[in-house]
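Going by the UniProt record's numbering, the first residue of the sequence shown is number 1, and it counts up by one from there.
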Amino acid sequence: MNYRHHFHAGNFADVMKHVLLLQLLTRLNAKDKPYRYIDTHGGAGKYDLSTSAAQKSGEFLNGIHRLIKLDDSITRNAPEGVKQYLKIVQDMREVSGKGAYPGSPWFALEGMREIDKATIFEMQPEVFQQLRFNIRDRRAGLHERDAYEGLIGVIPPKEKRGLVMIDPPYELERKDFPQLVELLVAAYKKWPTGIFAVWYPIKDRAMIERFEKKMI
Numbered sequence: 001m002n003y004r005h006h007f008h009a010g011n012f013a014d015v016m017k018h019v020l021l022l023q024l025l026t027r028l029n030a031k032d033k034p035y036r037y038i039d040t041h042g043g044a045g046k047y048d049l050s051t052s053a054a055q056k057s058g059e060f061l062n063g064i065h066r067l068i069k070l071d072d073s074i075t076r077n078a079p080e081g082v083k084q085y086l087k088i089v090q091d092m093r094e095v096s097g098k099g100a101y102p103g104s105p106w107f108a109l110e111g112m113r114e115i116d117k118a119t120i121f122e123m124q125p126e127v128f129q130q131l132r133f134n135i136r137d138r139r140a141g142l143h144e145r146d147a148y149e150g151l152i153g154v155i156p157p158k159e160k161r162g163l164v165m166i167d168p169p170y171e172l173e174r175k176d177f178p179q180l181v182e183l184l185v186a187a188y189k190k191w192p193t194g195i196f197a198v199w200y201p202i203k204d205r206a207m208i209e210r211f212e213k214k215m216i
């Protein structure tokens, strides 16, 4: 696998994904009972936008960089989900430096409560070591494993309710989408009360339409 999220961390799609993730968790937090958050492709958990990889792509410049540069009078009137997102980013930057940017597992753990648990998958050995270093939270179980075969083994969780964030690299889209359909069908059968949030690129419109029809 050649995909490295360091090139794309903090771009406009990452911003949207993380704001939506926090909003989903906020809805789950509305009920007293605990839940389980599962991240199928956790990545490194934390990124440095000052690295050569991030600087080379420059994708963050049209994402988190633009939000950080906004005047306080604008962000003050932003939706609560955006405010929460920006606070988590700012808190990390204050501790880890201005180039720091959280990954999905970090945002999730910040948005969860103490009673909730997380299961995070990452199959790339080098990236998994970074994940272990960056995510040190007793609520989180980290798994160096392919989530396409590992997810079915951890659901349904004992909490019975929860959220699965699915964001594969999509290096081979013609292979990834059929594989994703199989995973979702099998996962839903095992955990029909779970929430499955799937993040996917819209490049080949015909392929996307076939994928979405299979999900209905």
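The beta-carbon is built from N, C-alpha and C at its ideal position, and this holds for glycine as well.
Practice task
Could you say which of H41, F12, H18 and K33 lies nearest to E159 if we only look at CA atoms?
Solution key: K33
Exercise for the section: Reducing DSSP to helix, strand and coil, say where A118 ends up. Expected result: strand
Exercise for the section: Would you tell me roughly how many angstroms separate the C-alpha atoms of A100 and F133, rounded to the nearest one? Expected result: 15 Å
Practice task
Measure the Cβ-Cβ separation of L131 and G42 and say whether it is below 8 Å.
Solution key: yes
Practice task
Grab me the residues of residue 228's own chain with a C-beta within less than 7 Å of its C-beta, minus the 5 sequence neighbours each way, in chain order.
Solution key: Outside the displayed range of the chain (1 to 216) lies residue 228, so it cannot be described from this structure.
Handout entry: A54 vs H6 beta-carbon contact at 8 Å
Key = yes
Handout entry: Limits of the unbroken alpha helix (DSSP H) element including K213
Key = Counting along the chain, the alpha helix (DSSP H) containing K213 begins and ends at R205 to K214.
Handout entry: Three-state secondary structure (DSSP) of G141
Key = strand
Problem - P105, DSSP secondary structure in three states - result: Reduced to three states, the DSSP call for P105 is helix.
Problem - Outcome for G103 when other beta-carbon atoms lying within 10 angstroms are tallied against a minimum of 16 - result: buried
Exercise for the section: For V36, count neighbouring C-beta atoms within 10 Å of its own C-beta (all shown protein chains included) and say buried if the count is 16 or more, exposed if not. Expected result: Note that residue 36 is Arg in the sequence shown, not Val. It counts as buried.
Practice task
Give the DSSP-derived three-state secondary structure of A197 in the structure shown.
Solution key: strand
Handout entry: Cβ-Cβ separation, F128 to I166 (assumed contact under 8 Å), whole Å
Key = No, I166 and F128 are not in contact; Cβ-Cβ is about 18 Å, not under 8 Å.
Problem - Local conformation of Y170 per DSSP, three classes - result: coil
Practice task
Using the Cα positions of D39 and D204, report the straight-line distance between them to the nearest angstrom.
Solution key: 25 Å
Problem - Host beta strand (DSSP E) of R48 (start-end) - result: Checking the displayed sequence, the identity of residue 48 turns out to be Asp instead of Arg. Counting along the chain, D48 sits inside the beta strand (DSSP E) bounded by residues K46 to D48.
Problem - Length of the line joining the Cα atoms of G162 and L25 - result: 9 Å
Exercise for the section: With distances taken Cα to Cα, identify the nearest neighbour of Y188 among P168, I155, E171 and E209. Expected result: Among P168, I155, E171 and E209, the Cα nearest to that of Y188 is on I155.
Practice task
Starting from the Cα of A44, find the closest Cα among D71, D91 and R136 and give me that residue.
Solution key: R136
Exercise for the section: Could you please give the first and the last residue of the uninterrupted alpha helix (DSSP H) stretch that includes D72? Expected result: D72 to T75
Practice task
Specify, as a first and last residue, the run of the beta strand (DSSP E) that Y35 falls within.
Solution key: Where Y35 is concerned, there is no enclosing beta strand (DSSP E), given that its DSSP letter is neither H nor E.
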